[in-house]
Amino acid sequence: MKKLIHSILLFFSSLLLMSAIANAQFKLSGKITDKKTNQPISGASILLQGKINTGTYSSDNGFFFIDHLPDGKYELQVSYVGYESFNREIIINKNMKDEEIHLQNTGLFVKPIEITSTRAGKDAPFTKTNITAQEISKINLGQDLPFLLKQQPSVITTSDAGTGVGYTDIWIRGTDATRINVTFNGIPVNDAESSGTFWVDFPDIASSANSIQIQRGVGTSTNGAGAFGATINVSTNEFHDKPYGQLMNSFGSFNTMKHEAKAGSGLLNNHFTVDARLSDISSDGYIDRATSDLQSFYFSTAYFNAKSSLRFNIFSGKEKTYQAWDGVPQDSLKTNRTYNPLGLMPDGKFYKNQTDNYQQTYYQLFLNHEINENWNYSLAAFLTRGKGYYEEYHSDQSYTDYGLSDPIIGNDTLSSTNLIRDLWLDNYFYGTTFSLNNTSKILSWTLGGGWDRYDGKHYGNIVWAEYAIPHDYQYYYNLAHKYDFNIYWKANKAITSNLRAFLDLQYRYIKYDINGFDDNPNLIQHNRYYFFNPKAGLTYLINDKSSAYISYAIANKEPNRDDFEANQQQTPKPEHLGDLEAGYDLNERFYHLHGNLYYMHYRNQLVLTGKINEVGAYTRTNTPESYRAGIELNGDIHFGHIWTFAANAAFSRNKIINFTEYIDDEDNGKQQAVNHGETDISFSPAVVGGASVSAEPVKDFSVSLSGKYVSRRYLDNTAEMSRSLPSYFVNDMQFHYSWKPKWISAIDFDVMINNLFNVKYLTNGFTYTYISGGKIYTDNSYFPQAGTNFLAGINISF
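Residues are numbered in the numbering used here as their position in the sequence shown, beginning at 1, plus a constant of 636.
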């Protein structure tokens, strides 16, 4: 370990020397703005061709800089979606001044209204982070999207297989995926019944994303499952006016491989575009047999004219993963850290097809139209089609649990058998969204909303049994239907030249009918919910570089299917959240700072009990009163155009005011109540932090070192040390080199070393406490993550 640390110190010392040499060269800097409005343009592409070929993108304030430039003549090219390209010859020398570049609108209507209507705007009084495609692409070597977001503020990630490929999950501010609203192009993605998002169902979606916004807290009104802790808004609807192509291949530890091909037509006949992607990802996983075999495609075609755009998307993901969702038993961690108990048969071998198999396809149609300079609207229709099953071997299964009588064979009456079963989910999710937008300098507003319907079939078949069950015997068949309607009105008014007021009013109606569960087919649920979710706030623009905001937002959320199934004796109540946010932003040319405070007060929050059901999903129970309160800090700073340091930290208290634990008593079939008073909310750490330092000592070569710290988390709400995940601090290192020959756009080489110091750490787990023979027992299982491992990739851009 000491030798490794010394080697890293020596390496960064050599970077310092190289950067000192590089400082003898020159730099180009400037600002990109809209020619008509003079507003800064973020994300514009800046290319420089001459003695060397290089490029960059403009920042949120429109600024850009390119360093390590030899003197001489260069061709400067600037482009951005919906604007005419800018070309000019410039001379790089010591007398260079900042470039002021104004881009002219093309006349085509390419604004993605379906995205902007649900996102928080630049001056909206909510806590948010915007992530560009360029930031994502630097680290996209095959891991799922949650792992590409792991360095964002208050974010924690986990992987069932331990590698970031396959089943992965994300927490934001300690809240799990069932409270994080996810949309693709403004279309709801969360599963209608569980409210969760299964990232394994859309492998490599990050390669088609052109921007992502994370809102922490309630955030602005959006479509789909109510945001109850955060929102992840992904946009794939990017306008490419130039043809392009990419071939990407990566490989790494645990036989992880990714192959991707992506291409776009550019603007055809001044009106049409076509974009497509194919991806294949596979991995053996760190955990035993936790293999992943993932395929996906993305296709988008669009038509543009001066006033309108029409776009159709179809993308699909297919996955086959060996089940690892039960974790590793605590007693195996020291002796067999990768042990996977699923699929174990009586002979000690493991069933080879203990797999999850699912395909989900998304169809999206968008119409955007500009009525005049101040009015526009967006209409969208969508269909999500999902179908699949998970197969599992079970030993010693009672016939009565499957609705069968005990069979008699000869003189013997059998009460149980070994069997293999397939549990199916077959569903359609479809609906519409809309937004009508009015913009002006004094008042801008949006009237939007959506309607969707979910039709799901749940059924199970026994495909093999050792004794007396016919092949493909169907032992349950249940239907579920869910309707979701919401309408919202958002307004942003300039009270003075520096003060902005924001108001957001949403009404949401949910109708949810469940016609039985697999273990209780006669339990019928018919539930209706009527929610009003108001939000209001103020933003004060201190100057053109800094601002402050305050907001208060209310959210309500319905229970999900698992909550009804786990609480069959008492109907779970909907949750209520009041979220107070206050923050400050400072955007200087070479550094950015942000800080915010939050207080999230819950009534009837459904908190995790630590117990899981048969597919690894956590069961929850209502608690009358709880809260999350904290401070979040993040920022970045550039030193000498070569070094960049970025960091974020979140400090919080996450408490249940008065928690009562119910322990199963196997001696009498009842439960014993234990009051713990004020306790920590499960899976909610007091401290989450991240930091990175990166250097570009010579042009097109960079190296970065990043770290992530997560303090102790509890598996349930008892705050017992014996039922917890220890704190951890994990470092990653990445090397990047971009070769830009004249005969091709670029060839990028990347090497990523994950868990650089081989830390043994746990990111997830579950616990079950029970009484037997008058004694209390606790069974814990955990999800260990891989030790030091690597990914390496080559990306060829045309």
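Where a beta carbon is used, it is the ideal one built from N, C-alpha and C, also for glycine.
Checklist entry - Exposed or buried, P839, counting other C-beta atoms within 10 Å across all chains shown (16 or more means buried)? => result As a position in the sequence shown, residue 839 is number 203, starting the count at 1. When all chains shown are included, P839 counts as buried.
Checklist entry - With distances taken from CA atoms, which of G1022, L1216, N729 and N1114 is nearest G953? => result On the sequence shown, position 317 is the one that residue 953 refers to. Nearest option by C-alpha distance: G1022.
Item to check | Span separating the alpha-carbon of A1331 from that of I950 | outcome: Within the sequence shown, numbered from 1, the residue matching residue 1331 stands at position 695. Within the sequence shown, numbered from 1, the residue matching residue 950 stands at position 314. Looking at the two C-alpha atoms, the distance is approximately 39 Å.
Checklist entry - In the structure shown, what three-state DSSP assignment does K755 receive? => result Within the sequence shown, residue 755 is the residue found at index 119, counting from 1. Correcting the residue type first, residue 755 is Arg in the shown sequence and not Lys. Of the three classes helix, strand and coil, the one that applies to R755 here is coil, per DSSP.
Checklist entry - Grouping DSSP H, G and I as helix and E and B as strand, with all else coil, what is D1037? => result Locating residue 1037 in the sequence shown gives position 401, where the first residue counts as 1. DSSP places D1037 in helix when its eight states are reduced to three.
Item to check | Contacting residues, own chain, Cβ-Cβ under 6 Å from S1182 (five flanking each side not counted) | outcome: As a position in the sequence shown, residue 1182 is number 546, starting the count at 1. Hits under 6 Å: L1222.
Checklist entry - Taking buried to mean at least 16 other C-beta atoms within 10 Å of its own C-beta, is V1395 buried or exposed? => result Counting from one through the sequence shown, the residue named residue 1395 turns up at place 759. So V1395 counts as exposed.
Item to check | Span separating the alpha-carbon of A658 from that of N869 | outcome: Locating residue 658 in the sequence shown gives position 22, counting from the first residue. Locating residue 869 in the sequence shown gives position 233, counting from the first residue. Confidence is the limiting factor: at A658 the pLDDT is only 46, short of 50, which leaves the residue's position unreliable, though a coordinate-based value still follows. In a straight line, the C-alpha of A658 is about 39 Å away from that of N869.
Checklist entry - If you pair each beta-carbon of the segment 1077 to 1093 with each one of the segment 1120 to 1140, do three or more pairs fall below 8 Å? => result yes
Item to check | Where G1410 falls, given that 16 or more other Cβ within 10 Å makes a residue buried | outcome: Position 774 of the sequence shown, counted from the first residue, corresponds to residue 1410. Per the 10 Å Cβ criterion, exposed.
Checklist entry - By the 10 Å Cβ neighbour count, where 16 or more other Cβ atoms means buried, how is F1065 classified, buried or exposed? => result Reading the sequence shown from its first residue, position 429 is the one you call residue 1065. Flag for F1065 reads buried.
Next on the checklist: Considering just the uninterrupted stretch of the beta strand (DSSP E) at Q589, what are its terminal residues?
Outcome noted: Nothing can be reported for residue 589: it is not among the residues displayed for the chain, which extend from 637 to 1434.
Checklist entry - Taking the alpha helix (DSSP H) that Q770 falls in, what are its first and last residues? => result The count along the sequence shown starts at 1 and reaches residue 770 at position 134. From DSSP, the alpha helix (DSSP H) with Q770 extends over A769 to S773.
Next on the checklist: Would T1053 and A1101 qualify as a contact pair, given that the criterion is a beta-carbon distance under 8 Å?
Outcome noted: As a first step, residue 1053 is located in the sequence shown; it is residue number 417 there, counting from the start. As a first step, residue 1101 is located in the sequence shown; it is residue number 465 there, counting from the start. Yes, they are a contact pair.
Next on the checklist: Taking a contact to mean a Cβ-Cβ separation below 8 Å, would you say T1403 touches R1349 in this structure?
Outcome noted: Locating residue 1403 in the sequence shown gives position 767, counting from the first residue. Locating residue 1349 in the sequence shown gives position 713, counting from the first residue. Not closer than 8 Å, so no.
Next on the checklist: Output needed for F1337: all residues of its chain with C-beta closer than 6 Å, excluding positions within five of it in sequence on either side, in chain order.
Outcome noted: Numbered from its first residue, the sequence shown carries residue 1337 at position 701. Excluding positions up to five away in sequence, the list reads Y1373.
Item to check | 3 or more residues per run - each beta strand (DSSP E) lying fully within the segment 1340 to 1398 | outcome: 1364 to 1375 and 1382 to 1390
Next on the checklist: Classify Q1206: buried if its beta carbon has 16 or more other beta carbons within 10 angstroms, exposed otherwise.
Outcome noted: Locating residue 1206 in the sequence shown gives position 570, counting from the first residue. Flag for Q1206 reads exposed.
Item to check | Cut-off 6 Å between Cβ atoms - residues of its own chain near I848, not counting five sequence neighbours on either side | outcome: On the sequence shown, residue 848 is found 212 positions in, with the first residue counted as 1. So the list reads I767 and V870, once near-sequence residues are dropped.
Next on the checklist: I'd like to know whether the C-beta atoms of K1118 and Y1166 end up nearer to each other than 8 Å.
Outcome noted: Residue numbering aside, residue 1118 sits at position 482 when the sequence shown is read from its first letter. Residue numbering aside, residue 1166 sits at position 530 when the sequence shown is read from its first letter. Taking C-beta atoms as the reference points, K1118 and Y1166 fail to come closer than 8 Å.
Checklist entry - How about the segment 812 to 822 and the segment 736 to 746: do they share at least three Cβ pairs that are nearer than 8 Å? => result Cβ pair count under 8 Å is below three, so no.
Item to check | 8 Å Cβ shell around L904 - same chain, five flanking residues per side excluded | outcome: What you label residue 904 is simply residue 268 of the sequence shown in a count that begins at 1. Same-chain partners within the cutoff: V910.
Checklist entry - Taking only runs of the alpha helix (DSSP H) that begin and end inside the segment 1190 to 1231, which ones reach a length of at least 4 residues, in chain order? => result 1197 to 1202
Checklist entry - What does F1281 pair with, by DSSP beta-bridge criteria? => result For the purposes of this step, residue 1281 is identified with residue 645 of the sequence shown, where counting begins at 1. Bridge partners of F1281: I1273 and V1329.
Checklist entry - For V746, which three-state DSSP category applies? => result Along the sequence shown, one-based indexing puts residue 746 at 110. It is coil, neither helix nor strand.
Item to check | Integer-rounded CB distance, given that G1086 should sit under 8 Å from T1068 | outcome: Translated into the one-based positions of the sequence shown, residue 1068 becomes position 432. Translated into the one-based positions of the sequence shown, residue 1086 becomes position 450. The C-beta distance from T1068 to G1086 rounds to 6 Å, short enough to fall under 8 Å.
Next on the checklist: Whole angstroms are fine: how far does the CA of T754 sit from the CA of S1034?
Outcome noted: Here residue 1034 refers to the residue found at position 398 of the sequence shown. Here residue 754 refers to the residue found at position 118 of the sequence shown. Going by the C-alpha atoms only, they are around 50 Å apart.
Checklist entry - So S634 packs on N885, CB below 8 Å; how close in whole Å? => result Any question about residue 634 goes unanswered here, given that the chain covers just 637 to 1434.
Item to check | Sheet register partners of L969 (DSSP bridge) | outcome: If you number the sequence shown from 1, residue 969 lands on position 333. In DSSP, L969 forms no bridge with anything.
Checklist entry - Can you check whether the CB of R925 is closer than 8 Å to the CB of F864? => result Along the sequence shown, one-based indexing puts residue 864 at 228. Along the sequence shown, one-based indexing puts residue 925 at 289. Not closer than 8 Å, so no.
Next on the checklist: Can you tell me whether F935 is helix, strand or coil according to DSSP?
Outcome noted: The residue given as residue 935 occupies position 299 in the sequence shown. F935: strand per DSSP, three-state reduction.
Checklist entry - Distance, Cα to Cα, P982 vs S1031? => result Here residue 982 refers to the residue found at position 346 when the sequence shown is read from its first residue. Here residue 1031 refers to the residue found at position 395 when the sequence shown is read from its first residue. Taking the straight line joining both Cα atoms gives about 7 Å.
Checklist entry - DSSP three-state call for E674: helix, strand or coil? => result Locating residue 674 in the sequence shown gives position 38, where the first residue counts as 1. The question names Glu, yet the displayed sequence has Asn at residue 674. DSSP places N674 in coil when its eight states are reduced to three.
Item to check | Continuous beta strand (DSSP E) stretch holding F1121: start and end | outcome: For the purposes of this step, residue 1121 is identified with residue 485 of the sequence shown, where counting begins at 1. Run containing F1121: Y1109 to A1130, per the beta strand (DSSP E) assignment.
Next on the checklist: Just to confirm my understanding: we take A660, look at its own chain, exclude 5 residues before and 5 after, and list those with CB closer than 7 Å. What are they?
Outcome noted: Position 24 of the sequence shown, counted from the first residue, corresponds to residue 660. The predicted position of A660 is uncertain, since its pLDDT is 49 and thus under 50; a value taken from the coordinates is nonetheless stated next. Cβ neighbours of A660 within its own chain (closer than 7 Å, five residues either side excluded): none.
Item to check | Endpoints, the alpha helix (DSSP H) within which P789 is located | outcome: As a working mapping, residue 789 is identified with position 153 in the sequence shown. Neither: P789 is in no alpha helix (DSSP H) and is coded neither H nor E.
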